[in-house]
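Below is one structure, written out as structure tokens; the observations come after it.
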Amino acid sequence: MFIVFKTKSPIKVFLNRILFAILFLAGMNMFSFSLFAQEGNEDGKQFHQKAYQDLHKISIKIEESVADIRSGTPIEIEGEYVYSMAILPEFYKNRDFRPAWDNWDALMDANGALQRSYEDGLNPEDYHADALIRLVSKMEHKLKENEFDYDWVAEFDILITDAIMLYAFHLLEGKVDPESLDPDWNYAFREISPDAPYILEKHIEAGNVSHALAQLRPRMPIYKMSMDLLSEYRVIKDKGGWGTIEAAGVIKPGMEDQRLPEIRKRLWITGELSSDTNMGSLVYDESIVADIKKFQSRNALTADGIIGKGTFEAMNIPVEKKIDALRVNLERNRWIMANLTSDFIIVNIAAFKAYYMRDYKVVFSTNVQVGKTYHKTPVFRERLRYIEFNPTWTVPVSIIRSSIIPKMKADPAYLDNHHFELIDGSGNIVSNSSVDYENLSASNFRYSVRQKAGPWNALGEVKFIFPNKHSVYLHDTPSKSLFNQQDRTFSHGCIRTQNPLSLAEVVLDGSDWTDAKINATIKSRITTRAVPDKAIDVLLLYWTAGYYNGDGIGFFKDVYERDTKVLKRLNEKDTRKPGPDLK
Numbered sequence: 215m216f217i218v219f220k221t222k223s224p225i226k227v228f229l230n231r232i233l234f235a236i237l238f239l240a241g242m243n244m245f246s247f248s249l250f251a252q253e254g255n256e257d258g259k260q261f262h263q264k265a266y267q268d269l270h271k272i273s274i275k276i277e278e279s280v281a282d283i284r285s286g287t288p289i290e291i292e293g294e295y296v297y298s299m300a301i302l303p304e305f306y307k308n309r310d311f312r313p314a315w316d317n318w319d320a321l322m323d324a325n326g327a328l329q330r331s332y333e334d335g336l337n338p339e340d341y342h343a344d345a346l347i348r349l350v351s352k353m354e355h356k357l358k359e360n361e362f363d364y365d366w367v368a369e370f371d372i373l374i375t376d377a378i379m380l381y382a383f384h385l386l387e388g389k390v391d392p393e394s395l396d397p398d399w400n401y402a403f404r405e406i407s408p409d410a411p412y413i414l415e416k417h418i419e420a421g422n423v424s425h426a427l428a429q430l431r432p433r434m435p436i437y438k439m440s441m442d443l444l445s446e447y448r449v450i451k452d453k454g455g456w457g458t459i460e461a462a463g464v465i466k467p468g469m470e471d472q473r474l475p476e477i478r479k480r481l482w483i484t485g486e487l488s489s490d491t492n493m494g495s496l497v498y499d500e501s502i503v504a505d506i507k508k509f510q511s512r513n514a515l516t517a518d519g520i521i522g523k524g525t526f527e528a529m530n531i532p533v534e535k536k537i538d539a540l541r542v543n544l545e546r547n548r549w550i551m552a553n554l555t556s557d558f559i560i561v562n563i564a565a566f567k568a569y570y571m572r573d574y575k576v577v578f579s580t581n582v583q584v585g586k587t588y589h590k591t592p593v594f595r596e597r598l599r600y601i602e603f604n605p606t607w608t609v610p611v612s613i614i615r616s617s618i619i620p621k622m623k624a625d626p627a628y629l630d631n632h633h634f635e636l637i638d639g640s641g642n643i644v645s646n647s648s649v650d651y652e653n654l655s656a657s658n659f660r661y662s663v664r665q666k667a668g669p670w671n672a673l674g675e676v677k678f679i680f681p682n683k684h685s686v687y688l689h690d691t692p693s694k695s696l697f698n699q700q701d702r703t704f705s706h707g708c709i710r711t712q713n714p715l716s717l718a719e720v721v722l723d724g725s726d727w728t729d730a731k732i733n734a735t736i737k738s739r740i741t742t743r744a745v746p747d748k749a750i751d752v753l754l755l756y757w758t759a760g761y762y763n764g765d766g767i768g769f770f771k772d773v774y775e776r777d778t779k780v781l782k783r784l785n786e787k788d789t790r791k792p793g794p795d796l797k
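Mapped onto our numbering, the consecutive letters of the sequence shown carry residue numbers 215 to 797.
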């Protein structure tokens with residue numbers, strides 16, 4: 215395997231469209247251009263053997279190119295840069311600069327791997343395609359004239375190796391640099407191992423480079439589920455997608471409507487329709503109510519079975535948009551997988567959900583509320599340090615000035631009625647009645663304000679602390695009714711949790727913190743900390759295509775409007791020059 219865990223590498227860019235996918239194999243032209251095909255109907259394998267027949271000449275050119283790379287000089291082949299400037303020289307040096315792809319079977323295995331990069335949502339049009347086409351065209355032309363320049367074979371060999379290494383980078387840490395989108399990004403990246411030259415050599419000799427590359431995909435089941443769904447939607451796209459259904463009024467169970475056959479067809483196209491329904495029926499009967507509710511849940515809608523504006527809008531999202539969302543979130547998956555603990559918590563900001571993961575599987579989920587669009591919950595990763603039962607809440611200065619002081623002036627009993635206490639600069643509790651309410655202002659207010667522990671507390675009865683520079687944490691909330699809302703962007707950035715005590719029980723499972731002990735602690739109203747007996751990472755993520763109900767892929771509104779930038783970068787060809795520090 216090519217993996218080692220480090221800080222982020224600056225390498226981005228690469229994958230390969232063509233390699234030998236356009237080979238003229240067994241007399242069959244697989245694409246419009248025949249790679250390694252020659253007059254006399256000689257197949258690609260024989261042409262490959264001719265191209266690689268003088269390994270010594272090819273090696274000389276490879277050694278010259280490697281010397282340039284070692285000097286820190288970026289090299290171009292047919293107008294495209296070679297990016298793996300640290301690993302590629304070591305790889306060829308270890309094999310005395312012999313070409314890597316003189317074995318047909320190994321080459322075909324690598325070709326298969328690069329072709330399957332499309333399944334990862336990466337763009338097969340992006341990497342080395344034009345350069346490879348030009349090189350093969352030159353080689354084919356010269357072979358027909360009984361002239362040949364082995365420099366071209368050397369360049370071809372180097373490009374193939376570079377494509378493999380850079381596809382490995384894409385699988386390990388993604389194509390798009392998340393730090394370029396979010397300066398606060400703090401996730402570790404999986405990187406190519408320093409032993410990669412030896413590992414690649416071993417897999418080439420064994421003819422199983424494709425297997426090694428496949429093992430680099432993120433291990434979380436959601437990645438494979440997303441790949442499978444991406445494949446399904448691409449088939450649907452090739453068949454014409456689905457039509458637009460007129461969005462007007464609402465359709466409730468038992469009603470008749472001319473659009474119901476279209477609605478059934480829409481669900482059938484995506485495999486979301488039960489088999490025991492009459493496709494042509496104009497009646498919204500019980501046979502599809504459950505299907506509609508599942509569709510609504512999968513698309514972050516209230517699962518009430520009523521077909522209204524939101525449901526029509528979700529049904530009318532083009533298949534191309536679904537494909538884009540899956541590609542964007544496959545990329546986001548590739549950003550986050552380094553050094554995860556066996557147990558970890560995922561907060562999907564876009565889904566308003568939190569999940570407790572064990573060995574990459576969802577074992578618990580709960581609804582959450584996240585930051586308003588102008589108080590966006592940040593994306594980051596930290597280690598859970600402790601759970602605090604019966605927390606107090608120290609009110610931020612900004613809220614004291616904007617909210618607490620005006621309410622104190624309007625009602626001198628406000629602090630007592632809402633269980634607040636004043637703390638002076640020495641940390642002592644000051645009587646609320648000692649305040650000069652008549653002359654009170656933000657400029658002369660010298661206290662901090664703390665809310666006592668209890669069910670009335672803004673943090674509820676429990677909070678989960680994973681220290682971070684954003685002062686963000688998960689916590690309970692007395693505002694339970696807001697969990698009934700579809701769009702749950704209500705907080706100032708922290709994550710309000712619908713079932714925090716259940717989450718605490720899962721986190722503390724196996725420790726001496728039994729359910730009975732937790733309940734007794736809550737009843738005591740004494741602020742108490744519980745430290746998990748295992749390492750648990752907390753991952754705040756933003757996935758607009760991710761887990762729903764723990765067992766499928768759902769689609770969620772892009773509440774912070776972040777998908778477009780990722781998709782744009784994913785579709786762009788990186789034109790940055792590689793430097794000597796690139797690996």
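Heads up, the beta-carbon is just placed ideally off N, CA and C, and yes, glycines get one too.
Tell me the residue span of the alpha helix (DSSP H) that contains GLY524.
One-based indexing of the sequence shown puts residue 524 at position 310. First-last of the alpha helix (DSSP H) with GLY524: 523 to 529.
So TYR266 packs on PRO313, CB below 8 Å; how close in whole Å?
Residue 266 sits at position 52 when you count from the first residue of the sequence shown. Residue 313 sits at position 99 when you count from the first residue of the sequence shown. At roughly 6 Å, the Cβ-Cβ gap stays under 8 Å, so TYR266 and PRO313 are in contact.
Who pairs with ASN785 in a beta bridge, going by DSSP?
In the sequence shown, counting from the first residue as 1, residue 785 sits at position 571. ASN785 is not bridged to any residue.
Can you give the Cα-Cα distance for GLY241 and ASN317, rounded to whole angstroms?
On the sequence shown, residue 241 is found 27 positions in, with the first residue counted as 1. On the sequence shown, residue 317 is found 103 positions in, with the first residue counted as 1. Residue placement at GLY241 is poorly supported in this model, since its pLDDT is 27, which falls under 50; the coordinates still yield a value, given next. When rounded, the distance between both Cα atoms is 20 Å.
Spatial neighbours of LEU481 within its chain, please: C-beta separation below 6 Å, excluding the five flanking residues on both sides.
For the purposes of this step, residue 481 is taken as residue 267 along the sequence shown, with counting starting at 1. Here the set comprises LEU487, ASP505.
Using the Cβ count rule (16 or more neighbours within 10 Å means buried), how would you classify MET493?
Numbered from its first residue, the sequence shown carries residue 493 at position 279. Exposed, since its Cβ has fewer than 16 Cβ neighbours within 10 Å.
Less than 7 Å between C-beta atoms, sequence neighbours within five positions excluded: which residues of the same chain meet that for ALA203?
For the chain, the structure presents residues 215 to 797; residue 203 sits outside this window and is missing.
Please give me, in chain order, every unbroken run of the alpha helix (DSSP H) with length at least 4 that falls completely inside the segment 627 to 691.
Counting only runs of 4 or more, we get 628 to 631.
Report the CB separation of VAL676 from ALA718 in whole angstroms; it is logged as a contact under 8 Å.
As a working mapping, residue 676 is identified with position 462 in the sequence shown. As a working mapping, residue 718 is identified with position 504 in the sequence shown. Going by Cβ atoms, the distance from VAL676 to ALA718 rounds to 6 Å, so yes, they are a contact pair.
Anyone know if the C-beta pair for ILE291 and GLU387 falls short of 7 Å?
Here residue 291 refers to the residue found at position 77 when the sequence shown is read from its first residue. Here residue 387 refers to the residue found at position 173 when the sequence shown is read from its first residue. Taking 7 Å as the Cβ cut-off, ILE291 and GLU387 do not qualify as a contacting pair.
Which same chain residues end up closer than 6 Å to VAL171 when comparing Cβ atoms and leaving out the 5 residues on each side of it in sequence?
Any property of residue 171 remains undetermined from this structure, which presents the chain solely from 215 to 797.
Is it buried or exposed for VAL806, if we count other Cβ within 10 angstroms and need 16 for buried?
Because the chain here runs from 215 to 797, residue 806 falls outside it and cannot be looked at.
Does the pairing of the segment 270 to 288 with the segment 371 to 379 give three or more beta-carbon distances under 8 Å?
The segment 270 to 288 is in contact with the segment 371 to 379.
Shortest alpha-carbon distance to TYR574 belongs to which of ARG404, ILE550, HIS589?
For this step, residue 574 is matched to residue 360 along the sequence shown. Of ARG404, ILE550, HIS589, the residue nearest in Cα terms is ILE550.
In whole angstroms, what is the alpha-carbon distance linking PHE526 and TYR447?
As a working note, residue 526 is residue 312 in the sequence shown. As a working note, residue 447 is residue 233 in the sequence shown. Going by the C-alpha atoms only, they are around 19 Å apart.
Determine whether the beta carbon atoms of GLU476 and ILE465 lie at a separation below 7 Å.
By 1-based counting over the sequence shown, the position of residue 476 is 262. By 1-based counting over the sequence shown, the position of residue 465 is 251. Against a cut-off of 7 Å, the Cβ pair of ILE465 and GLU476 comes out as no contact.
Would you call the CB atoms of ILE563 and TYR437 closer than 7 Å?
Here residue 563 corresponds to residue number 349 of the sequence shown, with the count starting at 1. Here residue 437 corresponds to residue number 223 of the sequence shown, with the count starting at 1. No. Outside cutoff.
What is the DSSP secondary structure of VAL423, counted as helix, strand or coil?
Locating residue 423 in the sequence shown gives position 209, counting from the first residue. Reduced to three states, the DSSP call for VAL423 is helix.
Just mark GLY768 as buried or exposed, buried being the case when its beta carbon has 16 or more other beta carbons within 10 Å.
Along the sequence shown, one-based indexing puts residue 768 at 554. The residue is buried, with at least 16 neighbouring Cβ atoms inside 10 Å.
Flag this pair as yes or no: are the beta carbons of PRO609 and VAL663 separated by less than 7 Å?
As a working note, residue 609 is residue 395 in the sequence shown. As a working note, residue 663 is residue 449 in the sequence shown. First, the residue type needs correcting, since residue 609 is Val and not Pro in the sequence shown. Yes, these two residues count as a Cβ contact at 7 Å.
Helix, strand or coil for LEU487, going by three-state DSSP, please let me know.
Residue 487 sits at position 273 when you count from the first residue of the sequence shown. In the structure shown, LEU487 sits in coil (DSSP, three-state: anything other than H, G, I, E or B).
Is DSSP giving ALA345 helix, strand or coil here?
As a working mapping, residue 345 is identified with position 131 in the sequence shown. DSSP places ALA345 in helix when its eight states are reduced to three.
Is it true that the segment 690 to 703 meets the segment 575 to 584, where meeting means three or more beta-carbon pairs spaced less than 8 Å apart?
Counting Cβ pairs under 8 Å, three or more are found: they touch.
Helix, strand or coil for SER705 per DSSP?
As a working mapping, residue 705 is identified with position 491 in the sequence shown. Of the three classes helix, strand and coil, the one that applies to SER705 here is strand, per DSSP.
Which residue wins for smallest C-alpha separation from ASN400, given the options ILE406, ASP391, PRO408, SER407?
In the sequence shown, the residue the question calls residue 400 occupies position 186. Ranking ILE406, ASP391, PRO408, SER407 by Cα distance to ASN400 puts ASP391 first.
Quick check on ILE283: does DSSP put it in helix, strand or coil?
Here residue 283 corresponds to residue number 69 of the sequence shown, with the count starting at 1. In the structure shown, ILE283 sits in a helix (DSSP, three-state: H, G or I).
From LEU474 to ARG348, what does the alpha carbon distance come to, in whole angstroms?
Here residue 474 refers to the residue found at position 260 of the sequence shown. Here residue 348 refers to the residue found at position 134 of the sequence shown. C-alpha separation (whole angstroms): 53 Å.
Going by beta-carbon coordinates alone, are ARG743 and TYR600 separated by less than 7 Å?
Translated into positions along the sequence shown, residue 743 becomes position 529. Translated into positions along the sequence shown, residue 600 becomes position 386. For ARG743 and TYR600, yes; Cβs fall inside 7 Å.
Around the C-beta of HIS425, are 16 or more other C-beta atoms found within 10 angstroms, so that it is buried, or is it exposed?
The residue given as residue 425 occupies position 211 in the sequence shown. By the 10 Å Cβ count, HIS425 comes out exposed.
So, with DSSP's three-state summary, where would you put TYR574?
Looking up residue 574 in the sequence shown gives position 360. Coil.
Looking at C-alpha atoms only, which residue of TYR412, ARG546, LYS264, LYS271 is the closest neighbour of THR758?
Taking the sequence shown and counting its residues from 1, the one referred to as residue 758 is at position 544. THR758 has its Cα closest to that of ARG546, out of TYR412, ARG546, LYS264, LYS271.
Pick helix, strand or coil for ALA514, following the three-state DSSP scheme.
What you label residue 514 is simply residue 300 of the sequence shown in a count that begins at 1. It is coil, neither helix nor strand.
DSSP has GLN263 in a bridge; who is on the other side?
For the purposes of this step, residue 263 is identified with residue 49 of the sequence shown, where counting begins at 1. According to DSSP, which records beta bridges pairwise, GLN263 is partnered with nothing at all.
Report the CB separation of PHE770 from ALA565 in whole angstroms; it is logged as a contact under 8 Å.
Within the sequence shown, the letter at position 556 stands for residue 770. Within the sequence shown, the letter at position 351 stands for residue 565. Rounded, the Cβ-Cβ distance is 5 Å, consistent with contact.
Measure the CB-CB distance between VAL367 and ILE272 and report whether it falls below 7 Å.
The residue given as residue 367 occupies position 153 in the sequence shown. The residue given as residue 272 occupies position 58 in the sequence shown. Yes, Cβ-Cβ distance for VAL367 and ILE272 is below 7 Å.
Mark ALA410 as exposed unless 16 or more other C-beta atoms lie within 10 angstroms of its C-beta, in which case mark it buried.
Numbered from its first residue, the sequence shown carries residue 410 at position 196. When all chains shown are included, ALA410 counts as buried.
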